[in-house]
Amino acid sequence: MFRNMYDTDVTVWSPEGRLLQVEYAMESVKQGSACIALRSSTHSVIGALKRSVSELSSHQQKILEIDDHLGIGIAGLTADARTLAKWMRNECLNHKYVYGTAMPTGRLATDLADRHQRTTQTYVRRPYGVGLLLASFDKNGPHVYQTCPSGNVYECYATAIGARSQSGRTYLEKHHEGFDGCERDELIMHALRALVGCVSGDGELTSENGSIAVVGKDEKFTLIENAELQPYLDRLELEGGNNGGGDDEEEKEEEDSTTIKIRMKDKSVVLPKWVL
619 MFRNMYDTDV TVWSPEGRLL QVEYAMESVK QGSACIALRS STHSVIGALK RSVSELSSHQ
679 QKILEIDDHL GIGIAGLTAD ARTLAKWMRN ECLNHKYVYG TAMPTGRLAT DLADRHQRTT
739 QTYVRRPYGV GLLLASFDKN GPHVYQTCPS GNVYECYATA IGARSQSGRT YLEKHHEGFD
799 GCERDELIMH ALRALVGCVS GDGELTSENG SIAVVGKDEK FTLIENAELQ PYLDRLELEG
859 GNNGGGDDEE EKEEEDSTTI KIRMKDKSVV LPKWVL
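Letter by letter, the sequence shown follows residues 619 to 894 in the working numbering.
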């Protein structure tokens, strides 16, 4: 059976029990520039890589403020993210008008996931082609949530999405146990170190293509870009960590998973696993 027989409509199941249009939307998230989020006991931080269409254009905004206590990082279709951000701002505004308090992040994340999921059950709408990372600080403390076009939502200590995000995710998995006791600036430095591995090729993380946002106890959602970000990049440069090369690590991991090394008497040979 041909794959394209079942991917013309979001409501059509394939024989393997898959919704291919939803999987295509999730693939668009992997094509977007990298975005990471992490939290400590007092703060939540979002970091993102910005892209420009050409050398003559400005970089696209990757972090959007939703409320004083909440912001989002996006990977995927920016236009879809703007539509969802507008809806989220209205929800926060309505909640504050009715109840007089900031909207709990968990409730907003669940409503957002429901909005994603509704598009997978009707043929007149396509799934949103964007993944969101929510970072906030509310009455229950700091939170980080991840949503995807399928309608799933996850609360995380730290996470990364987008192109070449595996390097950043590896760094976060290795150091996440120490995030809980980090101060504000140290948490920002962890975000930058994770973001460096997501830079393509021999590029570098700069104040133009990098973006950081922080929210925490007694601190409203604050976006750190351009000249405000430079002191943190200078500190990262002194550590010797502002170099790209996330692709090399991913290629090495991929090579290790598809090949096997045979050690002979006088030399070693790397062969594909399928020959064994």
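Built from N, CA and C at the ideal position, the CB exists for glycine as well.
Practice prompt. Indicate whether the contact test is met: 3 or more Cβ pairs, each with one atom in the region 654 to 663 and one in the region 819 to 839, closer than 8 Å.
Written response: yes
Item to complete: Specify the secondary structure class of aspartate 756 as computed by DSSP and reduced to three states.
Response: strand
Worksheet item: Counting along the chain, where does the alpha helix (DSSP H) carrying histidine 794 start and finish?
Response: Run containing histidine 794: none; DSSP gives neither H nor E here.
Practice prompt. Give the DSSP-derived three-state secondary structure of leucine 900 in the structure shown.
Written response: Past the boundaries of the shown model lies residue 900; the chain is included only from 619 to 894, so the question cannot be answered.
Worksheet entry | Alpha-carbon to alpha-carbon, glycine 858 and arginine 733 | 43 Å
Discussion item. Suppose contacts are defined by Cβ-Cβ distances below 7 Å. Is aspartate 625 in contact with leucine 638 by that definition?
Written reply: yes
Worksheet item: Terminal residues of the continuous alpha helix (DSSP H) containing glutamate 843?
Response: Counting along the chain, glutamate 843 falls outside any alpha helix (DSSP H), and DSSP gives it neither H nor E.
Worksheet item: Is the CB-CB distance between alanine 753 and alanine 666 below 7 Å?
Response: no
Practice prompt. Apply the 10 Å Cβ neighbour rule to proline 849 and answer buried if 16 or more other Cβ atoms are within range, or exposed otherwise.
Written response: exposed
Worksheet entry | Under the three-state DSSP convention, the category glutamine 764 falls into | strand
Fill in: Distance, leucine 726 Cα to tyrosine 717 Cα
15 Å
Worksheet item: Are the region 635 to 650 and the region 758 to 768 in contact at 8 Å, needing three or more beta carbon pairs?
Response: yes
Worksheet item: Any heavy atom of the ligand FMN closer than 6 Å to the Cβ of serine 632?
Response: In the structure on display, the ligand FMN does not appear, and there are no ligands present to speak of.
Practice prompt. Could you name the residues of the same chain whose beta carbon sits closer than 8 Å to that of glycine 786, not counting the 5 residues immediately before and after it, in chain order?
Written response: Ala652, Ile654, Ala778, Ala812, Leu813, Gly815, Cys816 and Gly864
Discussion item. Three or more C-beta pairs under 8 Å: does that hold for the region 734 to 751 against the region 789 to 804?
Written reply: no
Worksheet item: How many Å lie between proline 745 and alanine 703 at the Cα?
Response: 16 Å
Worksheet entry | Endpoints, the alpha helix (DSSP H) within which glutamate 804 is located | 802 to 814
Item to complete: Taking isoleucine 684 and methionine 706 to be in contact with their CB atoms under 8 Å, please state how far apart those CB atoms are, rounded to whole angstroms.
Response: 5 Å
Worksheet item: For valine 640, which option in Glu843, Thr723 and Thr740 has the closest C-alpha, if you only look at C-alpha atoms?
Response: Thr740
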